Amino acid sequence: MKKLILTLIILIISVSTVLIVITMNASLKLNTPEKPPVLQNVQDFSLCYLSEQGLKYNPMLPYINEMEPFSMDLSTAVFGQGSKVELLFDDPELNNMKYEILDPLMNEVLSSGNVTEGSFTLPSLSKDIPYILKLTNTRSNQFIYYYQQFYIKDTVPNNLIKTLLGVHGTLFDGSKHYDKYIQGRGEGGTFYEATQDASPKVLLWKTETSLVEMNEPIPVITGFDIISGRYDVDIDFTVANRVDYVFEYWDFTEHFQSIPTSDGIKITSFKRHGNRKNEPYFDEDVKKWVIDEGMNQLAKGVLKSEKGPYNAFVYKNELYLLDKTDNTLRKVFGFDQLDSDYVMDEDNHHGIKLLNLDDDGNLKYIVYGYMADGPLAGNNGISFNYYNQSKRSNENQFFISTPYTYKTMAYGLNQTSFYNVEQEQFYFTLDDNVFQFDFKEKTFNNVMNISGYVTYLEGGAFYLIDNKSKENGGIQLANMSSSAFETNLLMYENKGVQIVGATNGNLLLGTYDIVNTYEYLDGNVFYPFDHLLVVDYSGEVISDIIPEAGTFFGDVQIDQALGQVQASIVQFYKKISPIPSMSKMGYEKIKEKNIYQFDKSKETSIEPIIISDEVDGIHRMLVNYESVSLNEVLMPLAKENLSKLVVFTDEKIHAT
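The sequence shown runs 1223 to 1878 under the working numbering.
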């Protein structure tokens, strides 16, 4: 249908060629490179959908590699106890396959069986906890896997999808009866930005005169609140809008929040957001839109060549290269093809990280997550890519198969990663390990285990330490910015040692006696420091700060703006009472004091050194400095020249 509608649109455009030329914006001087050919090797594997009364929802992607169940939470579903699960497939031959019900936390199979004629019956399961449905199909000796998170509830609406699709159709068709489902103030809003409070004219698409819906809208349940019963549902679709004889293409998402009631489905919130389709090969206005929106929204994520005229940026799942010499905008990669009727080209279960852009416009970058198209279609992992500007070609340098979704991998690839420009080596963390990919040698190595707390510093250095351990006997330092990966261990005369922060590119360490530590009820440890040491990354002591006799340093703070290290001066106390419950002991603060002044003019612009976060259930402290992060902006996979096929195995990580 998508291809048919587009063909009709192209015919209309060809008849109106002269009018189109007249309406072009001649003031915007942007050169238009040739449009890249449509990929021929589109995904061969069928999608699977959940079905409600024959209506598709929650598309399930076909995976070639098995995935970790705990990370498969990209969409969710809710079933009743012992209910019948209905499935739909693009390929009807897939109606018969195996299913498994998994506990994602323990990775245990709770139940298994066969899907017969597109359905199966759930066993008795506990309520209000997440499960994973895993489907397995075999085609030409190739295993294909599908995953779906779901919950069990006592009562489940049987018309959620039908109702929301009906509301979508009511709005797009311009029916005046929409207020039966959506109620608001009835004012404001635009064609591409609206809420339930928008005016009827906006909600009913009456601000535009020639609209064509180009694909079948398929709802996705993105969230479910087990307490309130609220559903979050997204409906994505593409619209062609005819403006002055020229067709614009827009991607829209309608977001519904709804709660089942005795009277039916109640919509509590509605939002509609659209973006002009990211295809800079139709008219100058679209190209200007992409540049303005992309460069402005991602100002911190734009990668610029040091001396050359090139800027690289990612906008709405597509990678662009801008040559500012003559303002040539080139779309380097993009899954979404207007002249494709394949739904996977609009998949967005992947991310990108830009690594390096040289003065000739050559670009190194990675794509991580689900590979929706190209020679790696159906695989999930990390693709290391190189774009050659003079040849206009992309080469996949290496691919690592992983069992984690792009959301799970995003933290280690963005916030805890480092690219060594001189050595062309990219370091990142995954599965409690530090991995290195060498673009020169096209090699992939596990260089260090980090089963503990890890913090990244400037210049490609990081350290490991446990914030809930009394016995921190040493600090493991690693340096990724040198010609070879280097590590060294810092220890201090049988003392415990803890990293407090960083000043002027140096570390601030505190040493303590284990017998003097104090453990709080939550498991965190108070470290009474008897020395504060300013050291460089090699461990050489630059300054040794000692408290007054009988006291310790506690609650050490670094004020980057003032260039000062401040600390509380604390003293141990013990009060004994004949009533045991009245006895007390601990540390009391005597005063606060500035204990060290550093040259703030040399201080690089850094955030506070300690940032708490939780990744995969492991509490870590992380800071990102030298890596280039696009804040998890999504983008597509390199699709040409799969040149390097190497077999590598390390537990769950597989490289090919």
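Just so you know, even glycine gets a beta-carbon here, dropped at the ideal spot from N, CA and C.
Since the structure is predicted, the reported quantities are computational estimates derived from the model, not experimental observations.
Asked: Beta strand (DSSP E) runs contained entirely in the segment 1361-1399, provided each spans 3 or more residues; Found: 1364-1375
Asked: Simplified DSSP assignment, three categories, for S1803; Found: helix
Asked: Start and end residues, beta strand (DSSP E) containing T1444; Found: I1440 to F1446
Asked: Candidates V1455, I1440 and V1434: closest to R1464 by CA position; Found: V1434
Asked: Endpoints, the beta strand (DSSP E) within which P1422 is located; Found: From DSSP, P1422 is part of no beta strand (DSSP E) but of the alpha helix (DSSP H) over P1422 to L1425.
Asked: Assigned secondary structure, T1431 (DSSP; H/G/I helix, E/B strand, else coil); Found: coil
Asked: 8 angstroms contact criterion, which V1787 and L1730 should meet: CB distance rounded; Found: 7 angstroms
Asked: Inter-residue CB distance, H1495 and F1474 (contact presumed, cutoff 8 angstroms); Found: 7 angstroms
Asked: L1755 beta carbon less than 8 angstroms from that of T1739; Found: no
Asked: Sequence-distant residues of its chain with Cβ nearer than 7 angstroms to T1358 (five each side left out); Found: M1319, K1320, F1365 and Y1367
Asked: At least three beta-carbon pairs within less than 8 angstroms, the segment 1621-1629 to the segment 1637-1646; Found: no
Asked: Continuous alpha helix (DSSP H) stretch holding G1634: start and end; Found: Y1628 to N1636
Asked: Beta bridge counterpart(s) of G1591 as assigned by DSSP; Found: H1572 and G1603
Asked: Own chain partners of T1429 with C-beta closer than 8 angstroms, once the 5 adjacent residues on each side are dropped; Found: T1412, F1413 and K1423
Asked: Reduced DSSP secondary structure (H/G/I, E/B, other) of K1546; Found: coil
Asked: Cα-Cα separation, N1380 to I1489; Found: 15 angstroms
Asked: Distance CB(P1441)-CB(V1455) smaller than 8 angstroms; Found: yes
Asked: CB of L1393 within 8 angstroms of CB of L1355, strictly; Found: no
Asked: For K1526, the three-state DSSP class (helix, strand or coil); Found: strand
Asked: Separation of S1704 from H1753, as counted between CA atoms; Found: 30 angstroms
Asked: Rounded C-alpha distance that separates F1459 from P1439; Found: 5 angstroms
Asked: As assigned by DSSP and simplified to three states, the class of S1293; Found: helix
Asked: Environment of T1709 [buried if 16+ CB atoms lie within 10 Å]; Found: exposed
Asked: Cutoff 8 angstroms; reference T1547; Cβ partners in own chain excluding five residues on either side; Found: P1531
Asked: I1801 to G1772 span [Cα, whole Å]; Found: 28 angstroms
Asked: Inter-residue CB distance, Q1371 and L1272 (contact presumed, cutoff 8 angstroms); Found: With a Cβ gap of about 11 angstroms, Q1371 and L1272 do not count as contacting.
Asked: With 16 other Cβ atoms within 10 Å as the buried cut-off, status of P1750; Found: buried
Asked: Length of the line joining the Cα atoms of E1814 and G1776; Found: 9 angstroms
Asked: Three-state secondary structure (DSSP) of V1331; Found: strand
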